[in-house]
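Participant: One structure, pasted below without further comment.
Residue numbers (this note's numbering): 18 to 667.
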C-alpha cells in the first residue's frame, strides 16, 4: 500500500485524495490479486499480476506527485497572499496614521488662528480661548494615541507617553496665562507648535511600527512623509523675526525717550519712563489691541525673562574696581550696614505690605504660581563653550589686532557660560551661592584670564570688559546696553497683572513709600552710629535705589558717586543672594509681599534673582523697582528732608 502525504498550507489542512489505479484503491487491488493467484499456476499468474500492479503503481505515483505539486502551489499561493496581506496592512497603517496626524496638525493650526483673535481681549477671554484650544487638542491627541498602534504594547506605551507630555505642556502654559507671564495668544501659538512637534514624533513612532511589521514579513513599504516639518519651520522663522523686531523696537523706544529727556533737560531714567509709557499705551488701546501687541512681543518678552540676570551682571563683575581705595575698616563697616540694612528693609517692606492689606481689607486672591524656565539644553553649553575656546585661542595666538578683537566674544562667552553653570547649582545651595553670584565670579575670572594672556593688569582687564565709552565696546557694555530694553519690557508684565495691581493699589503704594523712607533714614542713622566718615555715610543713603536714580540723589547729598554706585551694587548682590531664602525662612510666602520686598531692597538684581524661580512675582517687582526709585527721588528733592538727612550723618 502507498503512503499518502499530508501537506499543511494554511491553518486549515490541505490533504490529497488517495490515489487510485483503474478506479480501485491499491490496497483492494493487491487483495484481489492475491485471491486471483491459483496454486495450479502460481509463478506465471502471480508474475503477470504483479507486473500489472507495478505498472499501475507507477501511474499512482505520478498521480500522487501531481497532487503533491498542486498542494505545494496552493501553499505557495497562500503564503504569497499572507505576505501581500501583511504588506497591505503595514502600508495602510502608515498611510492612515500620516493622514490622520496631518489632519490633526492642520486643523489645530487653523483653530489656533481663529482663537487667537478671541484671546486678544480681557484676561478672562484670553484664558477662555486658551482653554478651548487646549481641551480640543488634548482630547484629540489622546483619541489618536488610543487607536494609533493597536496590538503593540511597547509602541502604545510610547504614544501614550507623548500624549501625556503634551498634556503637561498644555497645563504649564495655562499656568503662565493665569499668572499673566504669557498672553493667551502667545500660549495658543506655543501649544500649536507643540501639536505639530508631538504629531511629528507620533508619526515617526507609527512609521517605525509599520516598517518593522513589514520587515518581519520580508517586504518593504513606502514611508509617507507628513507635512509636519513645514509648519514648524515657518513657526520658528516667525518667532525669530518677532524676537528681533521686538527687541529692536524696544531698544529704539528707549533711545528715543532718552534723547527726548536729555533735550528737555529732564534727569530721569529713560527706561523707567518707557516702562510706564508702555503700560499706559496698552491701557489706552483697549484689551483687544493690547492682546495683539502682547502676542507680537511674546518671543521678546520670553527671551528677556529667560536671560534677565545677565543684564545686571556686568556691574558686579567690575565691582572690585569700585571698592579700590576704601580703607579696610570702613569697607567692613559699609558691608555691615548694607547687610543689616538689607535684612531690615526686606522684612519691613514685606510686613508693611501685609499690614496695609489687612487694614484696608483688600480681598485676597491667590496669585497663580508661574513655572520656572526649563533647564538649558546641552547645545547651549556646547555653543558657548566653543566660542570661549576659539576666542581664547585667537587671543593667545592671533595677530595683535585679532587678539584685541577677541575681548568681546570671550567676555560674552565667559558671562553667558557663567550663567549656564550658575543654573546648575543645586537648589539647596542657591541660598548662599546664587546663580547671579556664580555668573559674576566666572565672568570676572574670564576677564582676568583674557588680561593675563594679553599681558594686561587685572584693573585694565576689567576696564576692557566694561569700558563705559573709554575704549572699544566690551562684553559688559554690550549686555548693559540692553538693560534699558529689559526695564521697558516690564511695562508689558505690569499690564498683564493690572487687575491685581488695581485691587492691591493701597499696599503697593503704601509699602513702597514707607520702604523708601525707611531705607533712606535707617541707613543714615546706622552710618552715624558706626562712626562712618560723613562722605561715605552720605554715599550709602540711597543704597536701595536703582543706580540711575541713586546717583542724582548722591549728587544732591554731595557724596562720592563711585561709592554710591558700589553701595547699590553690594546691596543688590546681598539681596539677590540671601533675600529669597531669608523670606522663605521667616515665613513670607505671599507672592505680592515677596515681589515688593525683593525689588525695594535689592533693585534689579533682587528682581532678577527672585523672578528666575518665581516668574509670577515679576509685575510686583517691576512696580516696586520703579516706585521706590521715584518716591526716594521725590522725598530727597524736598530741601527740609535733604537737609535733615545731611544733618544726621554730619
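Just so you know, even glycine gets a beta-carbon here, dropped at the ideal spot from N, CA and C.
Between the region 202-210 and the region 299-317, do three or more beta carbon pairs fall short of 8 Å?
Facilitator: yes
Participant: Take the Cβ of residue 532 as the centre, count every other Cβ of all protein chains shown within 10 Å, and call the residue buried at 16 or more, exposed below.
Facilitator: buried
Participant: On the CB-based measure, 16 or more other CB atoms within 10 Å of its CB, does residue 349 come out buried or exposed?
Facilitator: exposed
Participant: Do the region 581-599 and the region 287-297 touch if we need at least three Cβ pairs shorter than 8 Å?
Facilitator: The region 581-599 vs the region 287-297: no contact.
Participant: Name the two residues that bound the continuous alpha helix (DSSP H) containing residue 449.
Facilitator: That residue, residue 449, is in no alpha helix (DSSP H); it is neither H nor E in DSSP.
Participant: When the Cα of residue 355 is compared with those of 504, 625, 558, which residue comes out closest?
Facilitator: 558
Participant: Between residue 620 and residue 563, which are expected to be in contact by the criterion C-beta below 8 Å, what is the C-beta distance as a whole number of angstroms?
Facilitator: With a Cβ gap of about 5 Å, residue 620 and residue 563 count as contacting.
Participant: What span of residues does the alpha helix (DSSP H) with residue 313 cover, start to end?
Facilitator: 304-324
Participant: Are residue 525 and residue 289 touching if we call contact CB-CB under 8 Å?
Facilitator: Not in contact: residue 525 and residue 289 (Cβ atoms no closer than 8 Å).
Participant: If we ignore side chains and look at the alpha-carbon of each, how far apart do residue 553 and residue 666 end up?
Facilitator: 9 Å
Participant: Give every residue of the same chain whose Cβ lies closer than 7 Å to the Cβ of residue 726, excluding the five residues on either side of it in the sequence, and list them in chain order.
Facilitator: Because residue 726 is not part of the residues shown, which for the chain are 18 to 667, the question remains open.
Participant: What first and last residue would you give for the alpha helix (DSSP H) that runs through residue 693?
Facilitator: Here the chain comprises residues numbered 18 to 667, so residue 693 is not present and cannot be evaluated.
Participant: Assign residue 283 to one of two classes, buried (16 or more other C-beta atoms within 10 Å of its C-beta) or exposed (fewer than that).
Facilitator: exposed
Participant: How about residue 420 and residue 471: are their beta carbons less than 8 Å apart?
Facilitator: Yes. Within cutoff.
Participant: At the level of alpha carbons, what is the spacing between residue 113 and residue 186?
Facilitator: Looking at the two C-alpha atoms, the distance is approximately 26 Å.
Participant: For residue 609, name the three-state secondary structure that DSSP assigns.
Facilitator: helix
Participant: Tell me the DSSP secondary structure of residue 576 in three-state form.
Facilitator: coil
Participant: Could you give the distance in angstroms between the alpha-carbon of residue 654 and the alpha-carbon of residue 285?
Facilitator: Cα to Cα, the separation comes out at about 13 Å.
Participant: State buried or exposed for residue 152, treating a residue as buried only when at least 16 other CB atoms are found within 10 Å of its CB.
Facilitator: exposed
Participant: In whole angstroms, give me the CA-to-CA distance for residue 193 and residue 454.
Facilitator: 27 Å
Participant: Touch check for the region 493-508 and the region 327-339: three-plus C-beta pairs under 8 Å?
Facilitator: With three or more CB-CB distances shorter than 8 Å, the region 493-508 counts as touching the region 327-339.
Participant: Counting only the same chain and skipping the five closest in sequence on each side, list residues whose C-beta sits under 7 Å from that of residue 610.
Facilitator: 367, 370, 371
Participant: Whole angstroms are fine: how far does the CA of residue 335 sit from the CA of residue 15?
Facilitator: Here the chain has residues from 18 to 667 only, and residue 15 is not among them.
Participant: Put residue 564 into one of helix, strand or coil per three-state DSSP.
Facilitator: helix
Participant: Just the C-alpha distance for residue 269 and residue 202, rounded to the nearest angstrom, thanks.
Facilitator: Straight across, the Cα-Cα distance linking residue 269 with residue 202 is about 25 Å.
Participant: Touch check for the region 470-485 and the region 254-268: three-plus C-beta pairs under 8 Å?
Facilitator: no
Participant: From the DSSP output, in three-state form, read off residue 376 for me.
Facilitator: helix
Participant: In whole angstroms, what is the alpha-carbon distance linking residue 636 and residue 507?
Facilitator: So the two alpha carbons sit approximately 7 Å from each other.
Participant: Which residues in the same chain have their Cβ closer than 7 Å to the Cβ of residue 492, if we skip the five residues on either side of it in sequence?
Facilitator: 425, 428, 429, 432, 482, listed in sequence order.
Participant: Among 105, 434, 171, which one has its Cα closest to the Cα of residue 235?
Facilitator: By alpha-carbon distance to residue 235, the top candidate from 105, 434, 171 is 105.
Participant: Just the C-alpha distance for residue 281 and residue 271, rounded to the nearest angstrom, thanks.
Facilitator: Roughly 15 Å separates the two Cα atoms.
Participant: At the level of alpha carbons, what is the spacing between residue 461 and residue 400?
Facilitator: Rounded to whole angstroms, residue 461 to residue 400 spans 20 Å at the Cα level.
Participant: Is residue 555 helix, strand or coil when you go by DSSP?
Facilitator: helix
Participant: Who are the Cβ neighbours of residue 61 in its own chain at under 7 Å, not counting the five residues just before and after it?
Facilitator: With a pLDDT of 49 at residue 61, under the threshold of 50, the predicted position of this residue should be treated as unreliable, though the coordinate-derived value follows. Answer for residue 61: no residue qualifies.
Participant: Would a C-beta distance cut-off of 8 Å place residue 364 and residue 645 closer than the cut-off?
Facilitator: In terms of Cβ geometry, residue 364 and residue 645 do not form a close pair [threshold 8 Å].
Participant: Quick check on this structure: which residue in 647, 511, 459, 182 has the alpha carbon closest to the alpha carbon of residue 534?
Facilitator: Closest option to residue 534, judged by alpha-carbon separation, among 647, 511, 459, 182: 647.
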